[in-house]
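The block underneath contains the structure these notes are about, expressed in structure tokens.
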Amino acid sequence: MSMNRTGTVRRAAVIGSGVMGAGIAAHLANAGMRVLLLDVVPQTLLPEEEKRGLTLASPQVRSRHSQAAIGRMVKAQPAPLYEPSFAARITAGNLEDHLTALSEVDWIVEAVVERLDVKRSLFEKVESVWKPGTLVTSNTSGLSVAEMVEGRSEAFRQHFAVTHFFNPPRYMKLVEVVPTADTDPAVTALLAALCEERLGKGVVVAKDTPNFIANRIGTYGMLVTLEEVLRYGLTVEEADALTGPAMGRPKTATFRMLDLVGLDTLLHVVDNVRDKSSDPAERETFARPPLLEQLVAAGRLGEKSGGGFYRKI
Ligand code: NAD
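So, in structure tokens, the structure goes:
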């Protein structure tokens with residue numbers, strides 16, 4: 001296989017325009033790439049859309065998720081090297097209408113919901129238009145990399161790996177690159193170089209184990225903190241004061257971080273380690289905290305839904 005050098009990766013597609021997809025798209029645009037940002041087609045109208053006389057076929061409705069993502073990116077506080085005008089490099093839309101455009105990009109980044117079944121069927125769809133040479137990566141927090149592309153062609157699997165960005169992607173330095181046994185070593189090397197040289201990240205190549213390295217430790221830390229907070233009757237603010245500024249993490253104290261990550265996403269990540277473990281003690285450690293389940297059931301997913309532990313201002 002002839003591999004492009006990092007400079008020739010000019011066009012990217014990001015599938016999933018949620019918390020991470022929007023941030024990754026902004027970061028790639030910031031690095032000079034043209035980006036297609038795609039999401040699913042909404043199945044129901046919002047009350048305000050109904051009032052405006054829109055239908056499910058209206059372009060505004062069909063690309064609702066992606067338009068909202070662009071809004072979030074532009075409003076976000078500018079980071080060093082970030083220009084709001086770079087949003088013009090991003091074209092937003094829905095996957096259904098833009099599927100064939102995936103054959104024209106150099107790199108496809110998947111950032112949809114953390115569920116193996118959803119990601120597996122998405123990669124099946126992507127493969128139907130994929131052209132050899134195009135890199136394909138997943139932003140999964142720790143699902144089995146090999147299982148995501150089981151059943152795909154050998155050529156597709158050779159071009160596939162995980163590029164796990166952290167939240168928020170513009171600020172967080174780390175990217176875990178996780179190849180499978182089938183990933184072409186040249187692809188792993190290219191992805192690492194791309195993330196380091198073009199995107200300014202620090203790369204760790206990790207093994208395909210549940211939650212890789214950073215989330216295995218980070219998720220455990222969040223669960224233990226939550227348990228201790230409940231045991232000692234601390235308030236969310238007290239816990240964040242102790243795990244935030246006092247530790248040099250003003251913006252990433254435990255509960256602020258949980259709201260930023262998304263409580264539903266955290267539950268998926270916790271489920272993944274538990275479901276893959278045969279060690280009873282570990283399965284107990286990674287049990288779903290009932291408090292998180294209650295908040296998610298009440299629609300309090302974190303910042304993306306208007307509030308989680310904190311109310312969104
Ligand atoms: P999110 O819930 O904010 O967004 C997911 C988006 O995917 C939604 O907009 C949804 O409409 C869309 N989607 C769902 N199914 C789709 C499909 N079949 N085709 C196209 N779009 C689809 O989730 P997120 O927090 O952005 O997480 C995305 C991925 O990144 C997950 O794998 C997650 O584990 C991983 N991740 C999340 C964080 C974090 O802090 N939230 C950090 C690192 C990695």
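The working numbering puts the first residue of the sequence shown at 1, with every later residue one more than the last. The beta-carbon is built from N, C-alpha and C at its ideal position, and this holds for glycine as well.
Check                                                                                                                           : Outcome
Option in D259, G307, E303, T188 with minimal Cα separation from R72                                                            : E303
Beta-carbon proximity list for I70, same chain, < 7 Å, skipping 5 on both sides                                                 : A87, I90, A92
Check: K251 C-beta below 7 Å from any heavy atom of the ligand NAD                                                              : no
Paired residues, beta bridge with F160 - DSSP                                                                                   : V136
Proximal residues to R152 (C-beta, below 8 Å), its chain only, five neighbours per side dropped                                 : F123, E124, E127, F160
Coil, strand or helix - L54 by DSSP                                                                                             : coil
Same chain only: Cβ atoms within 8 Å of K276, ignoring 5 sequence neighbours per side                                           : S144, P210
heavy atom of the ligand NAD below 7 Å from S144 C-beta                                                                         : no
The ligand FMN heavy atom lying under 7 Å from the CB of N211                                                                   : In the structure on display, the ligand FMN does not appear, and the ligands it does have are the ligand NAD.
P265 CB to nearest heavy atom of the ligand NAD below 7 Å                                                                       : Contrary to the premise, residue 265 reads as Thr rather than Pro in this sequence. Yes, since a heavy atom of the ligand NAD falls inside the 7 Å radius drawn around the Cβ of T265.
As assigned by DSSP and simplified to three states, the class of L292                                                           : helix
Limits of the unbroken beta strand (DSSP E) element including V177                                                              : 174-179
Per-residue DSSP class, three states only, for T100                                                                             : helix
Whole-Å CB distance - W107 paired with A12, under 8 Å assumed                                                                   : 4 Å
Check: M20 C-beta below 7 Å from any heavy atom of the ligand NAD                                                               : yes
Distance CB(V35)-CB(N94) smaller than 8 Å                                                                                       : no
Any non-hydrogen atom of the ligand NAD within 7 Å of G202 CB                                                                   : no
L95 Cβ short of 7 Å to the ligand NAD heavy atom set                                                                            : yes
Min CB distance G7 to chain C below 8 Å                                                                                         : Among the chains of the structure shown, chain C does not appear; only one protein chain is present.
Burial state of I376 (16 or more Cβ within 10 Å)                                                                                : Here the chain comprises residues numbered 1 to 313, so residue 376 is not present and cannot be evaluated.
Contacts around R249, its chain only, beta-carbon distance under 6 Å, and the 5 residues preceding and following it disregarded : none
Between the CA atoms of V109 and V296 - distance to the nearest angstrom                                                        : 27 Å
Exposure label - R5; buried when at least 16 CB within 10 Å                                                                     : exposed
Of the residues T163, T180, M20, the one placed nearest E154, counting alpha carbons only                                       : T180
The segment 20-37 / the segment 186-202 touching (three or more Cβ pairs under 8 Å)                                             : yes
Residue from G233, R120, G262, V224 with nearest C-alpha to F309                                                                : G262
Closest residue to L190 among Q158, P280, H98, G221 (Cα-Cα distance)                                                            : Q158
Neighbourhood of I213 by C-beta, 7 Å cutoff - its chain only, sequence neighbours within 5 removed                              : E176, V204, A206
Reduced DSSP secondary structure (H/G/I, E/B, other) of N94                                                                     : strand
Other residues of its chain near K119: CB distance less than 6 Å, five sequence neighbours each side excluded                   : M148
Strand pairing of I108, partner residues [DSSP]                                                                                 : A13, V136
8 Å Cβ cutoff met for V219 and V162                                                                                             : According to the sequence as given, residue 219 is Thr; it is not Val. Not a contact, by the Cβ cut-off of 8 Å.
Host beta strand (DSSP E) of L301 (start-end)                                                                                   : No beta strand (DSSP E) contains L301, which DSSP labels as neither H nor E.
Integer Cβ distance of A111 from V14, believed to fall under 8 Å                                                                : 6 Å
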